[in-house]
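**Q** If you read the sequence shown in our numbering, its first letter stands for residue 368, the second for the next number, and so on.
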Amino acid sequence: MGTRRRTLMPLVGGIVAVAGLFSMVGSGVLAVNFTAADQAHQIYTDRVVGQYAAGYINAQAQKSGSTAVAQIGFQQADLYGFCAIAKQDLGGVLGTVSLVVTGGEPVDGTVTDPTKKITANKLFLASDSLVGNGENIEQMTLGQSADTLMMGAGNPNPGAAGAFGLQAKLMQIGNLDGKSYGIDLQGNINLPDLKIRMVPGTATKASCVS
């Protein structure tokens with residue numbers, strides 16, 4: 368029994384850590400403001416509609432150092448389906464396991480149920496890879512000095528003075544796949560049909576709908 372409890376501790380800890388990403392309240396620094404895990408996790412959504420976005424290059428603190436990321440913030444982001452996958456090698460009999468967090472409609476490449484839209488306020492991502500289809504982008508600037516970035520009136524998202532920054536009034540991106548070192552919600556979110564589950568082995572995007 369004692370061995371079983373020790374084995375379950377990392378699993379429970381992983382669930383609490385990932386679930387906690389959706390209930391954080393920021394301390395005033397508008398970025399992913401915590402020490403990230405050393406290993407990235409995958410994020411997927413069929414569509415994200417972000418209003419008043421701003422981003423810049425930054426070093427994301429990790430447990431064993433730091434890594435280069437794009438810090439991207441949205442004053443508000445609507446997500447049509449959400450899936451996050453983190454994996455960990457627990458060794459022994461269990462080996463590699465994956466934590467799969469899903470919410471809203473199934474992430475299957477098509478928006479099928481807009482009534483299950485997820486709305487997040489003051490959402491920040493620290494990612495080194497984001498891939499998707501730019502369906503609609505409005506009033507975007509590239510190369511703006513990062514210290515002047517704003518996520519709408521009264522919501523600064525500043526980086527270093529003179530560093531590269533981008534800013535847009537609207538960013539609608541379809542089939543977004545990303546590798547992230549942190550998601551920081553500094554406002555509030557609704558998560559219909561929230562599911563948190565463990566999957567043996569290395570989960571893939573197909574696990575988002577299974």
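Beta carbons: idealized from backbone N, C-alpha and C, even for Gly.
1) Could you tell me which residues DSSP puts in a beta bridge with Pro-567?
2) Could you pull out every residue in the same chain whose Cβ sits closer than 6 Å to the Cβ of Gly-471, ignoring the five residues on either side in sequence?
3) Could you compute how far the alpha carbon of Val-467 sits from the alpha carbon of Asp-456?
4) Along the chain, where does the beta strand (DSSP E) containing Thr-412 start, and where does it finish?
5) So the candidates are Val-415, His-408 and Asp-405; which of them puts its Cα closest to the Cα of Gly-499?
6) Whole angstroms are fine: how far does the CA of Asp-405 sit from the CA of Thr-569?
7) Ends of the beta strand (DSSP E) at Ser-574?
8) Would you say Leu-516 and Gly-526 are within 9 Å of each other, going by their C-beta atoms?
9) In angstroms, rounded to a whole number, what distance separates the CA positions of Met-368 and Asn-555?
10) Beta-carbon separation of Gln-442 and Val-436 under 9 Å?
**A** By the coordinates alone:
1) Among the bridge pairs identified by DSSP, Pro-567 is matched with Val-464.
2) Contacts found: Gly-448, Phe-449, Lys-483, Ile-485 and Pro-559.
3) Cα-Cα distance, rounded: 15 Å.
4) According to the DSSP assignment, Thr-412 belongs to the beta strand (DSSP E) that extends over 408-429.
5) Its Cα nearest to that of Gly-499, the residue Val-415 stands out among Val-415, His-408 and Asp-405.
6) Answer to the nearest angstrom: the Cα atoms are 17 Å apart.
7) Counting along the chain, Ser-574 falls outside any beta strand (DSSP E), and DSSP gives it neither H nor E.
8) The answer is yes: Cβ separation under 9 Å.
9) Low confidence applies to Met-368: its pLDDT is 49, below 50, so where it sits in the model is not reliable enough to give any reading.
10) Val-436 sits away from Gln-442, with the two beta carbons spaced by 9 Å or more.
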